[in-house]
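Just below is one structure, and these are the notes that go with it.
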Amino acid sequence: MLAVLCLIAKSQHLSGYVIDSITGEPLIGAHVICGNNTTITNNYGYFSINQNKSDTIKISYVGYLPLYLFKTTAQKDILKVTLSPSTHIEEVSVSGKVSIQDNSEMGVINLPIQQIKNLPSLAGESDVMKTLQLLPGVKPMGEGHSSFMVRGGSPDQNLIVLDNIPLYYVNHLGGFVSVFNTHALSNVKMYKGIFPPKYGGRLSSVVNIDTKNGNLSERHSSLTLGLITTNLLLEGPIKKDTLSYFISARRFMYDLISRPVTYLFDDKKQSGYTFYDLNTKINYMPNAKNRLFFSLYSGYDNILSSKKDKEDNSSMKNKQKWGNTAVSFRWNHLYGSKLFSNITLYGMQYKYNTNFEYTYKEENSSTTSEFQSLISDYGLSLNYEYYPASKLKFEFGSNQILHDYKPNHYYQTNSLSNTAISDSSIYNPDKTTLENALFIETTISPLKYISFNLGYRFSLFLVDSNNYISHEPRFVANINVFNF
128 MLAVLCLIAK SQHLSGYVID SITGEPLIGA HVICGNNTTI TNNYGYFSIN
178 QNKSDTIKIS YVGYLPLYLF KTTAQKDILK VTLSPSTHIE EVSVSGKVSI
228 QDNSEMGVIN LPIQQIKNLP SLAGESDVMK TLQLLPGVKP MGEGHSSFMV
278 RGGSPDQNLI VLDNIPLYYV NHLGGFVSVF NTHALSNVKM YKGIFPPKYG
328 GRLSSVVNID TKNGNLSERH SSLTLGLITT NLLLEGPIKK DTLSYFISAR
378 RFMYDLISRP VTYLFDDKKQ SGYTFYDLNT KINYMPNAKN RLFFSLYSGY
428 DNILSSKKDK EDNSSMKNKQ KWGNTAVSFR WNHLYGSKLF SNITLYGMQY
478 KYNTNFEYTY KEENSSTTSE FQSLISDYGL SLNYEYYPAS KLKFEFGSNQ
528 ILHDYKPNHY YQTNSLSNTA ISDSSIYNPD KTTLENALFI ETTISPLKYI
578 SFNLGYRFSL FLVDSNNYIS HEPRFVANIN VFNF
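Quick note on the numbering used here: the sequence shown kicks off at 128 and runs consecutively.
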């Protein structure tokens, strides 16, 4: 069955969004075909294309019924195209004709979330990072580890981006589980080759991960009990078709068993380890030209051990905690039908903290030792996409990131002396650096069988009154010899 939409107008430039008819989630990478013109939707489901008077527009996405537009609305209107999931599989015919898809991006792979969930996993816990390890050119850092290396590079040379926020540490459980909860994700895209100039600061690869926006039509909730983690998901509209929420929480349950077990064998001791991930998002569409997102991610590992000595009336407690907290605010805006903008303001912090506390009740004294390291990023990203014609696209913008490093801070406090000691022997000076970048990229298809992708990134890194400048050009040519 095919879905058909008929409206009335004349030849023009068209733009709009492609979304899921049930959940309202944007369909990233949907194909829009109009005569000889072809384009795909961006990370927010947006597309822009030219339509001649007699052209029929076909919009399709894997697993959804295709939609045909025979005529369209006035140029000033923004289309909102909804595709319905398809459960009917028709007869498939296989012919010997070779079909080559025109694509100027090299080494780019889109991973459907459902495919990630269907792959074999550790105790039923599907993992995005381990799925990426199955791709050509990608190798795990170690057996069972979620970190990976791309074509000989090291794990720190991979840029991992969650909702436009770069993350430094993406592992739980010593590397066996990543911080990405598949129940909260909507799209995963990996660049193994030449990645776009809007990304920088890494050498090997880019992994761009987007979380769900929240169902704009209906409320949904689920609770999943697994051998490793428990997952809770809540989503739904606050105001139908305008404002929605999404909440996903995951927790490792091992400490709920280990703490009573250790106490059972020794009533003086308790120990346990756990981790959790929390993803939340608010999605607001005040009108057709504006869309606002507020995202929050928090994920930490925790180790707790305690001991009580009843003979000398003393106690010891040791806590270790490390992980990420990230907050972002994004604004999508359409300037007419040819210019799309995405502005992101975010803050991210990675923290490692160890706290040791010893209490001696007879003397009513306590000693506390704390070790802490912090990396804090505050960023502003301006990204614009301009579509002057169907076979011509410009993407340009800038990135500014303020890095604040506070490594190896050690503190000790004694309640009797009421003094605090900072151990300077392992203290490193704090650093504040500024990373700036300007970029531009264009995709040109002058002929049916050839396309070019040209890009340039200018980077300026400021640290200790020193300037480090980097020029990073990109060039990709794609020639389809079967179309000659």
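Every residue, glycine too, gets a C-beta built ideally from N, C-alpha and C. It should be emphasised that the depicted structure is a prediction, and the values quoted were computed from it without experimental measurement.
key: Nearest neighbour of PRO153, chosen from ASP283, LEU259, SER313 and LEU192 [CA to CA]   = SER313
message = My output table needs one value for CYS133: the three-state DSSP class, helix, strand or coil.
response = Because CYS133 sits at a pLDDT of 45, beneath the cut-off of 50, its placement in the model cannot be relied upon, and the following sentence gives the value as read from the coordinates. Correct three-state label for CYS133: coil.
task = Sort GLY264, PRO263, MET256 and GLY280 by Cα distance to HIS272 and report the nearest one.
result = MET256
query = What's the gap between the Cα of PHE602 and the Cα of ASN580?
reply = 6 Å
inquiry  = My assumption, with CB atoms under 8 Å, is that ALA157 sits in contact with THR168. Please give the rounded CB distance.
reply    = 5 Å
message = Among LEU141, SER493 and PHE588, whose alpha-carbon lies nearest the alpha-carbon of LEU529?
response = PHE588
request  = Have a look at the DSSP bridge pairing and note the partners of ASN594.
outcome  = LEU589
message = Mapping the DSSP letters down to three states, classify ASP147 as helix, strand or coil.
response = strand
key: 8 Å contact criterion, which LYS144 and GLY190 should meet: CB distance rounded   = Strictly speaking, residue 144 in this sequence is Tyr, with Lys absent from that position. Rounded, the Cβ-Cβ distance is 18 Å, inconsistent with contact.
task = Ignore the nearest five residues each way along the sequence and tell me which others in ALA376's own chain have a CB closer than 6 Å to its CB.
result = LEU359 and LEU405
key: Residue environment, GLN178, which counts as buried when at least 16 other CB atoms sit within 10 Å   = buried
inquiry  = Bridge partners for ILE470 per DSSP, in chain order?
reply    = TRP458 and LEU509
request  = State the DSSP-derived secondary structure class of TYR487, mapped to helix, strand or coil.
outcome  = strand
query = When you compare only the Cα positions, how much space is there between ILE227 and PHE307?
reply = Annotation note: pLDDT 45 at ILE227 (below 50); position unreliable, no value reported.
ask   = Taking ASP283 as the reference, which of THR356, LEU330, PHE303 and PRO324 has the closest Cα?
value = LEU330
query = According to DSSP, is ASN429 helix, strand or coil?
reply = strand
ask   = Considering GLN527, what are the terminal residues of the beta strand (DSSP E) in which it resides?
value = 519 to 541
request  = Count the other C-beta atoms from every protein chain shown that fall within 10 angstroms of the C-beta of ILE155, then say buried if there are 16 or more, exposed otherwise.
outcome  = buried
task = Classify ILE384 as helix, strand or coil using the three-state DSSP reduction.
result = helix
request  = Locate the alpha helix (DSSP H) running through MET256, then write down its first and last residues.
outcome  = 255 to 259
query = Shortest alpha-carbon distance to ARG584 belongs to which of GLY328, SER187, LYS319 and ASN593?
reply = GLY328
query = Smallest Cα separation from ALA311: which of ASP382, TYR485 and LYS408?
reply = LYS408
Cα-Cα separation, SER142 to LYS266 = 40 Å
key: Other residues of its chain near LYS435: CB distance less than 7 Å, five sequence neighbours each side excluded   = LYS395 and SER442
query = Taking C-alpha atoms, which residue in TYR462, VAL590 and ASP504 lies nearest to TYR511?
reply = TYR462
inquiry  = With a threshold of 8 Å on Cβ separation, who are the neighbours of THR369 within its own chain once the five nearest residues in sequence on each side are excluded?
reply    = LEU343, TYR411, MET412 and PRO413
task = Would you mind listing the beta strand (DSSP E) stretches within the segment 329 to 403 that are 3+ residues and don't spill past its ends, in chain order?
result = 332 to 338, 347 to 352, 356 to 366 and 370 to 379
query = Under a three-way DSSP split, which group does GLY302 fall into?
reply = helix
ask   = Is the segment 506 to 520 in contact with the segment 471 to 490, if contact means three or more CB pairs nearer than 8 Å?
value = yes
request  = Return yes when the Cβ of VAL297 is within less than 8 Å of the Cβ of SER305, no when it is not.
outcome  = yes
ask   = What number of angstroms, rounded off, separates the C-alpha of SER422 from the C-alpha of PHE456?
value = 7 Å
key: Limits of the unbroken alpha helix (DSSP H) element including ILE167   = No alpha helix (DSSP H) contains ILE167, which is instead part of the beta strand (DSSP E) from 164 to 167.
key: Contact set for GLN260: own chain, Cβ-Cβ below 6 Å, skip 5 residues either direction   = PRO267 and PHE275
query = If you compare alpha carbons, which of THR356, VAL277 and ILE186 is closest to SER332?
reply = VAL277
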